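K.L.:
Residues 1 to 232 in full-length UniProt numbering are what the sequence shown spells out, letter by letter.
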Amino acid sequence: MHSRPSRSRRIGGVVAALLLAMVAIGYGYGFAGWAIAKLPANRDWRQSDAGAAIYVEDNGIHTGIVLPKAVLPPGLLARLRAGDLRDPDYTRHDHVAFGWGDRAFYIETPTWRDLDAATVAHAATGSDDTVMHVEHIARPVAREGVRMARLRPEELAGLIAFIEGSFDPAGPPPEPGYGPHDAFYSATGRYSAIVTCNEWTGRALRHAGVTIGVWTPFSQGVMQWLEPLPMD
Numbered sequence: 001m002h003s004r005p006s007r008s009r010r011i012g013g014v015v016a017a018l019l020l021a022m023v024a025i026g027y028g029y030g031f032a033g034w035a036i037a038k039l040p041a042n043r044d045w046r047q048s049d050a051g052a053a054i055y056v057e058d059n060g061i062h063t064g065i066v067l068p069k070a071v072l073p074p075g076l077l078a079r080l081r082a083g084d085l086r087d088p089d090y091t092r093h094d095h096v097a098f099g100w101g102d103r104a105f106y107i108e109t110p111t112w113r114d115l116d117a118a119t120v121a122h123a124a125t126g127s128d129d130t131v132m133h134v135e136h137i138a139r140p141v142a143r144e145g146v147r148m149a150r151l152r153p154e155e156l157a158g159l160i161a162f163i164e165g166s167f168d169p170a171g172p173p174p175e176p177g178y179g180p181h182d183a184f185y186s187a188t189g190r191y192s193a194i195v196t197c198n199e200w201t202g203r204a205l206r207h208a209g210v211t212i213g214v215w216t217p218f219s220q221g222v223m224q225w226l227e228p229l230p231m232d
């Protein structure tokens with residue numbers, strides 16, 4: 001006569017099954033993000049040799065769109081006040097980098113070494129508490145982690161409209177950023193495993209008409225479609 005499995009063994013089996021399921025889901029998500037990012041949206045787009053240069057920066061986790069201040073509308077520039085920065089002198093720089101994401105994920109993970117499982121799990125379950133990360137910087141130079149595109153006036157206008165629409169004017173006041181040159185602003189939209197910070201960048205570029213992946217949850221899915229900067 002066979003004895004029934006103990007309660008602890010049954011619980012252990014359930015836990016093991018759940019862990020295996022989580023691993024399978026993680027691998028499936030990663031493969032889907034890699035594969036779908038290779039499918040092009042706006043397939044027929046070609047950049048304009050005479051267009052305005054815009055940049056995308058990647059720190060390995062977050063991507064951001066960099067625009068010259070000269071092309072930004074007065075209303076958006078007025079939102080980015082010098083007093084929002086720890087050091088207002090950084091507003092002298094002529095470019096601005098914009099990124100979007102979950103508040104906790106963005107503020108707590110500036111780099112890979114800051115990433116932890118609890119933050120990832122919180123972000124993956126979804127969050128309405130989103131922010132725009134804004135940095136006042138100099139024009140990007142050729143290096144790893146920087147790409148560019150040249151946009152026609154109507155494409156640039158579409159990109160700026162998407163970025164401007166991501167700010168929440170009714171949200172709380174800005175918060176200091178990682179350093180003296182940046183700040184976090186309340187944003188619209190819901191963050192999730194589907195709509196990540198990098199997918200926001202992809203959506204912004206798709207809205208502008210740029211060729212980019214159909215779904216870009218990871219930074220590489222964005223960067224693979226854009227050109228390196230020419231060496232000065």
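Every residue gets a Cβ at the ideal spot worked out from N, C-alpha and C, and that includes glycine. Fair warning: this is a prediction, and the values are worked out from it, not measured in the lab.
In the DSSP output, what is ALA52 paired with across the bridge?
P.N.:
ALA52 is bridged to LEU151.
K.L.:
Based on Cα-Cα distance, which residue from ARG152, LEU205 and PRO176 lies nearest to ALA82?
P.N.:
The candidate whose alpha carbon is nearest that of ALA82 is PRO176.
K.L.:
Report, in whole angstroms, the separation of the C-beta atoms of VAL222 and ALA187, which I expect to be a contact under 8 angstroms.
P.N.:
The Cβ separation is near 18 angstroms, so there is no contact.
K.L.:
So, at 6 angstroms on beta carbons, what are the nonlocal neighbours of ILE25 in its own chain, with the 5 sequence-adjacent residues on each side left out?
P.N.:
Confidence at ILE25 is low in this model, with a pLDDT of 49, below 50, so the placement of that residue should be treated as unreliable; the coordinate-derived value is given next. If we look at ILE25 and ignore the five residues flanking it on each side, it has no Cβ neighbours.
K.L.:
Just the C-alpha distance for ALA149 and TRP34, rounded to the nearest angstrom, thanks.
P.N.:
Going by the C-alpha atoms only, they are around 22 angstroms apart.
K.L.:
Restricting to Cα atoms, I'd like to know which of ARG139, PRO140, ASP128 and ALA208 is closest to ALA161.
P.N.:
For ALA161, the nearest C-alpha among the options comes from ALA208.
K.L.:
Would you mind stating whether GLU164 and LEU67 have Cβ atoms separated by less than 7 angstroms?
P.N.:
For GLU164 and LEU67, no; Cβs fall outside 7 angstroms.
K.L.:
By Cβ distance below 7 angstroms, which residues in the same chain neighbour ARG43 in space, the five residues on each side in sequence not counted?
P.N.:
The answer, listed in chain order, is THR211.
K.L.:
What is the rounded straight-line gap between the Cα of THR201 and the Cα of TRP100?
P.N.:
The alpha-carbon atoms of THR201 and TRP100 are separated by roughly 8 angstroms.
K.L.:
Going by DSSP in three states, THR216 sits in which element: helix, strand or coil?
P.N.:
Looking at THR216 - three-state DSSP - the assignment turns out to be coil, as it is neither helix nor strand.
K.L.:
Quick check: the Cα distance between ASP49 and ALA104, rounded to an integer number of angstroms?
P.N.:
Approximately 39 angstroms between the Cα atoms of the pair.
K.L.:
At a cut of 8 angstroms, does the region 84 to 98 reach the region 137 to 144 through at least three beta carbon pairs?
P.N.:
Counting Cβ pairs under 8 angstroms, three or more are found: they touch.
K.L.:
Report the start-end ranges of each beta strand (DSSP E) in the region 69 to 100 that is 3 residues or longer and not cut off at the edges.
P.N.:
Runs of the beta strand (DSSP E) inside the region 69 to 100: none found.
K.L.:
In the DSSP assignment, what are the bridge partners of GLY64?
P.N.:
Paired residues: GLU57.
K.L.:
State yes or no: is the C-beta of VAL134 within less than 7 angstroms of the C-beta of LEU85?
P.N.:
No; because the gap between Cβ atoms is not below 7 angstroms, this pair is not in contact.
K.L.:
By DSSP, does TYR185 sit in helix, in strand, or in coil?
P.N.:
Residue state, collapsed to three classes: strand.
K.L.:
Determine the direct distance from the alpha carbon of ARG152 to that of LEU226, and round the result to whole angstroms.
P.N.:
Cα to Cα, LEU226 sits roughly 16 angstroms from ARG152.
K.L.:
Locate the beta strand (DSSP E) running through ILE107, then write down its first and last residues.
P.N.:
Segment 103 to 108 is the alpha helix (DSSP H) holding ILE107; no beta strand (DSSP E) there.
K.L.:
With 16 as the cutoff for other CB atoms within 10 Å, does ALA183 come out buried or exposed?
P.N.:
Buried: at least 16 other Cβ atoms inside 10 Å.
K.L.:
Please go through the same chain and pick out, in chain order, the residues whose beta-carbon is closer than 6 angstroms to the beta-carbon of ASP129, but skip the five residues on each side of it.
P.N.:
Excluding residues within five positions, the ones whose Cβ falls inside 6 angstroms are ARG103.
K.L.:
What residue does the alpha helix (DSSP H) around THR201 start on, and which one ends it?
P.N.:
Unbroken alpha helix (DSSP H) run through THR201: 197 to 208.
K.L.:
State the DSSP-derived secondary structure class of TYR191, mapped to helix, strand or coil.
P.N.:
Three-state DSSP puts TYR191 in a strand.
K.L.:
To the nearest angstrom, how far is the alpha carbon of GLU108 from that of TYR178?
P.N.:
Spanning the two alpha carbons is a distance of roughly 9 angstroms.
K.L.:
Consider the C-beta atom of ILE160 and the heavy atoms of the ligand NAP; say whether any pair is separated by less than 6 angstroms.
P.N.:
Looking at this structure, you won't find the ligand NAP or any other ligand, since it has none at all.
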